[in-house]
Structure formats: C-alpha cells, structure tokens
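Report on one structure; see the data block that follows.
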Amino acid sequence: MHLHHTTPATEDEAIARQLTLRERVSHEDSGPAPGAPATVAGVDVAYDDERGIVAAAAVTLDARTLEVRERATATGPVAFPYRPGLLAYRELPAVLDALGRLATPPDLVVCDGYGTAHPRRFGLAAHLGVLTGLPAIGVAKNPFTFRHRPPGPERGAWSPLVDAEDPQEADGPADAHGTERAFHGEEVGRALRTQPGVKPVYVSTGHRVSLPTACAHVLNLARRYRLPETTRAADQLCRAALKAATAHPGGASQR
DNA sequence: GCGACAG
DNA sequence: ATCTTGTCGC
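Quick look at the structure:
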C-alpha cells in the first residue's frame, strides 16, 4: 500500500484539492461492524518544530480484545504549516508512510481530529479514507468551531455537533434571541461521552462509516479512558519515535 | 479589521 | 501540537 502524496504549493491549491477529493467520500457503512472481529488502527503524529521534523505512528489493535497487533512509525520533514482546515496536508504524508509500513492493512482507521466536521466537510479522517480507500473515522479532543449541548453524564450519552455558521432552515420567525439558533445547524458529528462525568470527545465520520456506527466504534475502543485505545497507543508511539529521531539523527531516518 | 481556530 | 511539577482525587 504505497501512496504518493504531493504537497500543495499554496493554500488555494490545497482547498481546491479538498473540494475535488471530497466527492469520493462515502458515508455508507461498508466497513466492519462495531465489536465484530476486525483490526482497528490508530494513527497520530508528533512534531519537533525546532528541527522541522514530524514523526507518525500507526498501531493496529484487535477490535475485540484491544490487544496490540502491530506497530509502525515513519519520520520525515514537516511538509506543510498548521492551518485550521488544512491539517491533512501537514499530517497525512507521514501518517500514510507509517500506515504503509504495516504488514497488514487495518479494517478501520481512527484519526486524531475531524472528518466531516470541517469547514468544507473534508477533514483529516475523510481525506485519509479517500486516499487509502480504508474505512476511517475522526475523534477530536475539542469542538473546533462547532457547537453542541452538553451530553448526559453517563457513558454513551451524546449530543449533535452542529455547524452554527450554517444558515440552515429558517424555523419560524426570526427569534430575537439567537441563542437557540446556534444549535440548529447541520449535524456534522457528535459530542460523545465515553466515560461517566468526563469531558466528551468529538466524533465525526471519515469514509465508509456512518455517524452512529462511528460512535459505536469509539465506545467500543474507549472502555477505560476518555480516548480510544487506538489513539492512546498511537500517541505514545509517535512521541517515542520523535524522541528516537531527535536522539539519533540519521540512525533509522526515513526520507 | 478583529477574533476564532482539529493537531 | 508544544512548553511543564506537583498535586488533588478515586
């Protein structure tokens, strides 16, 4: 699974590419069912801005036991600056490299960040899904520019994540108090409570997975902590890979 | 113009 | 993302 990914020269080009690629996204469930026998990979990246280095990790887990099946890392130069809405161009080159080093492709990929919940409905998880063809979902730690009501306190509770900027339907006469209106936009994801009384995570679809299914996968992967085990494992590994790359420049360096 | 802004 | 010790709590 070797995928080449050229870096856009400008932000305009990056945006234009998102608008083209997003037409290939599928929101239908064609991936593994939550809790079914399958492998799920977590991917994440860590940066050393001083040296302009990025380290990525891909960790495959057994979806039922959550045991680690395989780990892979990749390091390289930072190819794109951080820009809200264009995160994929900064993270994907290294992430795709790490994914490609796995002996066996996963049945589902869990990304750090958003998928459909994005200004152009094409965040990191959707981008990765389209490029790899793999089912993918996004799990973010904060609501970005979106709004939501607080979910109930119990594990599994959720509330719609909506794009308040979206001038959706005009329900009734213009309410003088636009407060309620802020929650009436398009549902782009869900604020999902994975642990009782703990801050929710923000789930959105990426590719080949529906929103309800994406949430079920996240709950299945977050049995003990707020974040899915896939995210925790990948986060830990990419940080270790970054330290190794910083400590032994050239050692196991990769492009 | 100002503020907000996944990682 | 990253800079960073101890500390309060289950």
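According to the UniProt record's numbering, the first sequence holds residues 1 to 255 in order. Each residue gets a CB set at the ideal place from its N, CA and C atoms; glycine is no exception.
Beta-carbon spacing of residue i, residue j below 8 Å
i	j	result
A98	A126	no
L92	P135	no
D62	R69	yes
A79	T10	no
T213	R155	no
T132	A245	no
L21	R120	no
A94	V139	no
V198	V130	no
T205	G115	yes
V203	G189	yes
R101	A72	yes
Distance, residue j Cα to residue i Cα
i	j	result
E23	A247	42 Å
H184	A103	45 Å
R226	L128	23 Å
residue 261	T231	A question about residue 261 goes unanswered here, because the residues of the chain that appear run from 1 up to 255.
D163	E186	6 Å
I15	L86	8 Å
A176	A117	With a pLDDT of only 40 at A176, under 50, the local geometry of the prediction cannot be trusted, and the value read off the model is given with reservation. Their Cα atoms are separated by approximately 28 Å.
L161	A46	27 Å
residue 256	A41	This structure does not reach residue 256, given that the chain is present from 1 up to 255, and the question cannot be answered.
R17	A234	27 Å
H5	R149	38 Å
G123	R83	12 Å
R208	L242	31 Å
A191	T39	24 Å
L219	P228	8 Å
T65	D12	44 Å
R223	S159	19 Å
L96	P77	14 Å
A88	I137	14 Å
N142	H27	23 Å
D29	T145	27 Å
H217	T60	14 Å
residue 276	P81	A question about residue 276 goes unanswered here, because the residues of the chain that appear run from 1 up to 255.
P32	P196	26 Å
D49	G35	38 Å
C215	C238	25 Å
P106	S210	18 Å
Q236	L221	16 Å
A157	R147	16 Å
Bridge partner(s) assigned by DSSP for residue i
i	result
D44	A57
I137	V110 and T205
E187	V162
V68	L61
G147	In the sequence under discussion, the amino acid at residue 147 is Arg, which differs from the Gly named in the question. Bridge partners of R147: V162.
residue 257	Summary: the structure shown does not reach residue 257, with the chain confined to residues 1 through 255, and so no result is reported for it.
L128	For L128, which the question treats as bridged, DSSP gives no partner whatsoever.
T39	D62
Terminal residues of the alpha helix (DSSP H) in which residue i lies
i	result
K199	K199 -> no alpha helix (DSSP H), and no H or E assigned at all.
T213	L211 to L221
L237	E229 to A247
A33	Neither: A33 is in no alpha helix (DSSP H) and is coded neither H nor E.
T20	E11 to L21
Residue i beta carbon near the ligand SAM (any heavy atom closer than 7 Å)
i	result
R149	Although the ligand SAM was asked about, the structure shown includes no ligands whatsoever.
Return the chain-ordered ranges of every alpha helix (DSSP H) run that is complete within the stretch 79 to 104 and spans a minimum of 4 residues.
As summarised for the stretch 79 to 104, the continuous alpha helix (DSSP H) elements at least 4 residues long and confined to that stretch are 87 to 100, given in chain order.
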